[in-house]
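Colleague: Here it is: the structure, laid out below.
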Amino acid sequence: MTAAAFDETRRVLEPGVSETSVTDHVSDLVLERKTPAWWWIGFGLSLSLLLLFVVSLAWLFIRGVGIWGVGWPVAWGFAIGNYVWWVGMASGGTIISALFFLTRSEWRSATNRIAESMTVFCVACAGIMPVIHLGRWWYSYWLFPYPNTMGTWPQFRSPLHWDFVAILVYVIASVLFWYIGLIPDMATLRDRAVRRWQRVLYGILALGWQGSSLHWREYRSAYLVLAGLMAPLVISVHSIVGLDFAGGLVPGWHETQFPPYFVFGAVLSGFAVVLMLVIPLRRALDLDGVITPRHLDVLARLMLTTSLLIGYSYGLEIFMPFYRGEHAEITVVLSYLTGHYAPWYWAKIVLNAVIPQLLWFRAARLNQPVLFTIAAGVVVGMWIERYVIVVASLHRNHSESSWAVFTPTFWDWATLAGSAGLFLTGFFLLLRFIPMVSMFEMRELVRKKKREGGR
Amino acid sequence: MAAVFGPKANLITKLVLLGAAAGLLTLFVGGWVFPSIDYYTRVGFVRPQPVPFSHEHHVGGLGLDCRYCHTSVEVSANAGMPPTHTCMTCHSQLWTNAEVLAPVRQSLATGEPIRWSRVYDLPDYVFFNHSIHVAKGVGCTTCHGQIDRMPLTWQASSLSMGWCLDCHRDPAPNLRPREEVFDTDWKPTPDTPTGEQLLAAYDIHPATLSDCSVCHR
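Residue numbers (the working numbering), protein chains in the order written: chain A, 501 to 955; chain B, 48 to 264.
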């Protein structure tokens, strides 16, 4: 590889990108650009999936959770698997926007809006799952510690209650973080808009942002504090998700490695989704100037890193039961490897730990179709991982008399597909109304690069 | 271009913020305050009955003992509603033509029980036991109020779980000697044993009284 070609993959901005060109391009996408055909097709498909979600939920509420394949001993099925999957994908977005903000990573500026928008709707999908999987979902507010006439409080020792608190905080915090990051851009859109409804809409959303130095000073400290809170929050949220399992005595669940193991998986799937969004959006929205091969390279490296971490966890998951010599745990591990769910298990190994090893090669990292395929494989693989953890562990528990196989029903699949509809519908809407690249951060980056001289 | 938002926008913003605060207040009131008030718990509400039975007349006026009609209150979980025959021990002789007693006579004639309307109606997942409370020195009026002064029966306590638990966690102030349980006018005197003494005497252990299994079997 020549030095010039190498340089190309190190740039976070293409030559010729200026403060005004970024602002013009990104705001025109929202304000001026005619809604493209691919948007209508994608939005239509998403909307039909969302309709499927509404129908599945309506049927669920009418008939009860028995319409799913869950029962005994596998009482947690798709709903919990989906929940962990969605909240995991959300985590990657927060890691990119919060953690890499704290590390001052330059490549974060162009991708953080996509990552955060993804987070917001992944968290929405995640938040729904634990509620709908309750047999009596209309009592779900009992999870909230409020003074009531019953004199009762939630059980604060249950990881499921921590989960409720964690997801509630995460929903609120990620929406706040996303919105606060949007305010200066909303003001830009308000000032550039010509149509009255746009000026009113973005004017309201900008909350009277003037961009004075006083505003900016307060803004920066608020954003820094939030980022400093979000980074540990996302780690603890997903650790708590891990404790939902590790807190139980089920063989295959009761492992101390679960909190970091789940965080690794979460971040892996999060990076994969961001890649799956960044690659097509870069082309569809003509963002080549600000989302460069450098961004894809970094995201691919991060995906590789987390894939190695999760590979390590998979290794421990197999090794520890034999090392401990606990009969029930060995039974579960053997059922992973050779039992009813073995095809799922091996699929997760291949998709999450084996195929991503291709990312050791620069050629694979910079080849967008290959990168996209690997990322898509990881997203599927991470869903399978949660499915295997939830179902395969439960179906071989301590007592042989309660061994049974879980078979998903149509409504299990419909709920999964439908929740993707909720995510996609939300994301498509944001795509049309929200700038997908943070304009003010990009302007700062351009200024910084100019100060440093050259690119 | 003219400004999009006039000076009125400031007012509207404040109103929206106020609205959000009002929303939070509504949640608080709806979730906690409203379920605690008498209107919600029906405390003090009289229910229409097929016969306007008066505890004031029968207990306060005539001096009947509670157990004359509610016979099983000392031995059974259920205090028992008196059957038509109990009414007829007197009303076959007294007020035999009274219009208000027509349903009672009809009930005797047809064998159909009178459809009394239940005033103290706990959900069926609560297993309340009358006899244990009577045996441990909880008087009728502690929960049912000054029943001897009720021309028509109304609910005297909220029956909310919080109300039950308040007493189960600290029963002492609500205990009286067993002999006084059915005395509707009982007041503690200087000679009355204290709540703590009664706790010990009747072997009451509040620590276990708020376990779920006490009421929710």
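Cβ atoms here follow ideal geometry from the backbone N, Cα and C, with glycine treated the same way.
Please read these numbers as outputs of a predicted model, since none were measured by experiment.
1. What is the DSSP secondary structure of B:V98, reduced to helix, strand or coil?
2. Can a CB atom of chain B be found closer than 8 Å to the CB of A:P647?
3. Out of B:H177, B:G53, B:F52, B:F75, which has the shortest C-alpha to C-alpha gap to A:Y641?
4. Can you name the residues of chain B whose CB is closer than 7 Å to the CB of A:V700?
5. Name the chain A residues whose beta carbon is nearer than 8 Å to that of B:P82?
6. Exposed or buried, A:K848, counting other C-beta atoms within 10 Å across all chains shown (16 or more means buried)?
7. Count the other CB atoms, across all protein chains shown, that sit within 10 Å of the CB of A:L796; report buried if there are 16 or more and exposed otherwise.
8. Short of 7 Å in beta carbon distance, which residues of its chain neighbour B:E159, apart from the five on each side in sequence? Order them along the chain.
9. Would you call the CB atoms of A:L602 and A:A727 closer than 8 Å?
10. Chain B partners of A:G839, CB-CB under 7 Å?
11. Counting only the same chain and skipping the five closest in sequence on each side, list residues whose C-beta sits under 7 Å from that of A:R955.
12. Using the Cα positions of A:Y670 and A:A731, report the straight-line distance between them to the nearest angstrom.
13. Skipping 5 residues on each side, what residues in its chain have a beta carbon closer than 8 Å to that of A:S736?
14. Check each candidate in A:E944, A:V946, A:R943, A:L924 and name the one with the smallest Cα separation from A:I541.
15. Pull out every residue of the stretch 203 to 231 of chain B whose Cβ sits closer than 7 Å to any Cβ of chain C, in chain order.
16. Got a sec: which bits of the stretch 57 to 83 of chain B sit with their beta carbon under 7 Å from any beta carbon on chain A, in order along the chain?
17. Hey, B:V63 and B:L199: beta-carbon distance below 8 Å or not?
18. Which residue comes first and which comes last in the alpha helix (DSSP H) that contains B:M128?
19. Measuring straight from C-alpha to C-alpha, what distance separates A:L450 and A:D528?
20. Hey, A:G877 and A:L851 are a contact pair by Cβ (cut 8 Å); roughly how many whole angstroms apart?
21. Is there a Cβ of chain B sitting closer than 8 Å to that of A:G569, yes or no?
22. For chain B, find out if any of its Cβ atoms is closer than 8 Å to the Cβ of A:G635; answer yes or no.
23. If you follow the alpha helix (DSSP H) that A:Y845 is part of, which residue opens it and which one closes it?
24. Quick one: using the 10 Å Cβ neighbour count with 16 as the cut-off for buried, is B:S164 buried or exposed?
25. Sort A:I567, A:T652, A:V554, A:G681 by Cα distance to A:R613 and report the nearest one.
26. Would you say A:G577 lies against chain B (beta-carbon separation less than 8 Å)?
27. May I ask you to verify whether the stretch 806 to 823 of chain A touches the stretch 762 to 778 of chain A, counting CB pairs closer than 8 Å and requiring at least 3?
28. Is the beta carbon of B:D195 sitting closer than 8 Å to the one on B:H102?
29. My output table needs one value for A:Y860: the three-state DSSP class, helix, strand or coil.
30. Excluding five sequence neighbours on each side, which residues of the same chain lie with their C-beta closer than 8 Å to the C-beta of A:F872?
31. Is there contact between the stretch 895 to 909 of chain A and the stretch 558 to 573 of chain A, where contact requires at least three CB pairs shorter than 8 Å?
32. Tell me whether the stretch 216 to 225 of chain B and the stretch 243 to 251 of chain B touch, counting them as touching only if at least three CB pairs, one residue from each stretch, are closer than 8 Å.
33. Which partner residues of A:W638 appear in the DSSP bridge assignment?
Modeller: A quick look at the data gives this:
1. The three-state reading of DSSP puts B:V98 in coil, since its state is none of H, G, I, E or B.
2. Using a Cβ-Cβ cut-off of 8 Å, A:P647 counts as an interface residue toward chain B, since at least one Cβ of chain B sits closer than that to its own.
3. Comparing Cα-Cα distances from A:Y641 to each of B:H177, B:G53, B:F52, B:F75, the minimum goes to B:F75.
4. Simply V51.
5. Counting only Cβ-Cβ distances below 8 Å, B:P82 has contacts in chain A at N648, T649, in chain order.
6. A:K848 comes out buried.
7. Counting every other CB atom within 10 Å of its CB across the protein chains shown gives A:L796 a total of 16 or more, marking it as buried.
8. Nothing meets the Cβ criterion.
9. For A:L602 and A:A727, yes; Cβs fall inside 8 Å.
10. Simply none; closest approach about 38 Å.
11. Because the pLDDT at A:R955 is just 46, under 50, the model does not fix this residue reliably, and the value given afterwards should be weighed accordingly. Correct list, in chain order: R511, L513, P515, K949.
12. A straight line joining the alpha-carbon of A:Y670 with that of A:A731 spans about 11 Å.
13. If we look at A:S736 and ignore the five residues flanking it on each side, its Cβ neighbours are A666.
14. Among A:E944, A:V946, A:R943, A:L924, the Cα nearest to that of A:I541 is on A:L924.
15. Although the question refers to chain C, the structure presented lacks it and instead comprises the protein chains A and B.
16. Going along the stretch 57 to 83 of chain B in chain order, one finds G78, W79, P82, S83 with a Cβ nearer than 7 Å to chain A.
17. Not in contact: B:V63 and B:L199 (Cβ atoms no closer than 8 Å).
18. No alpha helix (DSSP H) holds B:M128; DSSP gives it neither H nor E.
19. For chain A, the structure presents residues 501 to 955; residue 450 of chain A sits outside this window and is missing.
20. Between A:G877 and A:L851 the beta-carbon gap is near 4 Å, inside 8 Å, which marks them as a contact.
21. No, A:G569 lies away from the interface with chain B (no Cβ there is under 8 Å from its Cβ).
22. False, the Cβ-Cβ gap to chain B never drops below 8 Å.
23. For A:Y845, the uninterrupted alpha helix (DSSP H) run begins and ends at 842 to 848, by DSSP.
24. Exposed is the call here.
25. It is A:G681.
26. At a cut-off of 8 Å, the C-beta of A:G577 has no neighbouring C-beta in chain B.
27. Touching, yes, given that three or more Cβ pairs across the two stretches are closer than 8 Å.
28. In this structure, B:D195 places its C-beta atom within 8 Å of the C-beta atom of B:H102.
29. Per the sequence shown, the amino acid found at residue 860 of chain A is Trp instead of Tyr. Helix, per DSSP.
30. Result list for A:F872: L775, M776, I779, P780, in chain order.
31. In short, these stretches touch, since the Cβ pair count reaches three.
32. Yes, they touch.
33. Per DSSP, none; premise fails for A:W638.
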